[in-house]
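Undergrad:
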Amino acid sequence: MSVTIVYGSDGGCTKKIASRIASKINGRVLDIKKAQVSDFEDCSLLILGCPTYGDGDLQTDWDERLELLEEADLNGKTVALFGTGDQENYPGSFVDAIGTLYDIVVEKGANVVGLTDVEGYDFTGSTAVRDGRFVGLALDEDNQSSQTNARITTWLAQLM
Ligand SMILES: Cc1cc2nc3c(=O)[nH]c(=O)nc-3n(C[C@H](O)[C@H](O)[C@H](O)COP(=O)(O)O)c2cc1C
112 MSVTIVYGSD
122 GGCTKKIASR
132 IASKINGRVL
142 DIKKAQVSDF
152 EDCSLLILGC
162 PTYGDGDLQT
172 DWDERLELLE
182 EADLNGKTVA
192 LFGTGDQENY
202 PGSFVDAIGT
212 LYDIVVEKGA
222 NVVGLTDVEG
232 YDFTGSTAVR
242 DGRFVGLALD
252 EDNQSSQTNA
262 RITTWLAQLM
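So this note's numbering is basically just the index in the sequence shown, starting at one, shifted up by 111.
#1: What residues in its chain sit with their C-beta under 7 Å from that of Met271, if we drop five residues either side in the sequence?
#2: Candidates Gln255, Arg131 and Ile263: which alpha carbon is nearest Asn200's?
#3: Do Gly210 and Ala239 have their beta-carbon atoms positioned less than 8 Å apart in this structure?
#4: Using only the alpha-carbon positions, how far apart do Val272 and Lys188 sit?
#5: Give me whichever residues DSSP pairs with Val224 in a beta bridge.
#6: Using three-state DSSP, classify Thr171 as helix, strand or coil.
#7: Using 8 Å as the cut-off, can you tell me whether the region 139-149 makes contact with the region 191-199, which would need three or more C-beta pairs spanning the two stretches below that distance?
#8: Do Leu212 and Cys154 have their C-beta atoms closer together than 8 Å?
#9: Quick one: grab the DSSP three-state call for Thr284.
#10: Our contact map puts Thr171 next to Leu141 with C-beta atoms below 8 Å; I'd like the distance itself, whole angstroms only.
#11: Strictly by DSSP, which residues pair up with Phe245?
#12: For Gly236, collect the residues of the same chain with a Cβ closer than 6 Å to its Cβ; drop the 5 residues on either side in sequence, then sort them by chain order.
Take a look at the structure:
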C-alpha cells in the first residue's frame with residue numbers, strides 16, 4: 112500500500128506528527144507548500160494533517176493551497192484525516208480544520224476512514240465531530256501530549 116501524508120504546520124507540531132506517522136507506516140510525507148495535484152491522487156491511502164488556527168480556521172498554507180485538493184480526483188479514494196488543536200484555549204472550535212477538510216474530500220467522493228471517539232477529550236464544540244465521532248484523529252499536543260503516541264498507534268492499527 113502506498114501512503115502519502117500531506118501536512119501543513121506553522122509551529123512544527125503537525126510536521127512532527129506527520130513524520131512520526133510516516134515512519135510507522137513507511138509513508139511519504141509532504142508539506143502542503145510543496146504538494147501538487149498528483150500527490151493527492153498517486154497513492155492508495157491519502158492522509159491529510161492540519162492544525163486549526165484563528166477561530167476554527169485552516170492553517171495558512173492549507174488555506175492558500177486548498178484549490179490543489181479541490182482540483183484533485185478523489186473519487187473513490189481512501190482518505191484519512193488528522194489534526195492538531197488546543198481544547199483548553201479553543202474549546203469551541205477544537206480541531207475544526209479536520210471538519211473543513213472532511214467536507215471537501217467527501218464532496219469529491221472520497222471514502223473517509225479512521226473516525227475516532229470523542230471520549231478522553233474536553234471541549235464544547237467542533238466541526239470535526241459528526242454523529243458523535245471525530246471524522247479523523249484529533250491530537251492535542253498543547254494539553255495531552257502524553258496521549259499522542261498511543262492515539263497514533265491505535266489509529267494506525269485501525270487504518271491498516
Ligand atoms: C492564534 C492561534 C489560534 C488557534 N486556534 C485554534 C482553534 O481554533 N482550535 C484549536 O483546536 N486549536 C487552535 N490553536 C492551537 C493549534 O492548532 C495547536 O497549537 C497546534 O498544535 C499547532 O500546530 P503547528 O505547530 O503544527 O502549527 C490555535 C493556536 C494559535 C496560536
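Ideal placement from N, C-alpha and C gives every residue a C-beta, glycine not left out.
TA: In short, the structure shows the following:
#1: Around Met271: Ile136.
#2: Nearest of Gln255, Arg131 and Ile263 to Asn200, Cα basis: Gln255.
#3: Yes, the Cβ-Cβ distance between Ala239 and Gly210 is below 8 Å.
#4: What the structure shows of the chain is the stretch from 112 to 271, and residue 272 is not part of that stretch, so it cannot be assessed.
#5: According to DSSP, Val224 bridges with Ala191.
#6: Three-state result, Thr171: helix.
#7: Result no; under three Cβ-Cβ pairs closer than 8 Å.
#8: Annotated as distal: Leu212 and Cys154, with beta-carbon spacing of 8 Å or more.
#9: This structure cannot speak to residue 284, because the chain is shown only from 112 to 271.
#10: Contact between Thr171 and Leu141 does not hold, since their C-beta atoms are separated by about 17 Å, which reaches or exceeds 8 Å.
#11: Looking at the DSSP assignment, Phe245 forms a beta bridge with Thr227 and Val240.
#12: Apart from the 5 residues on each side of it in sequence, Gly236 sits with its Cβ closer than 6 Å to the Cβ of Gly203 in its chain, given in chain order.
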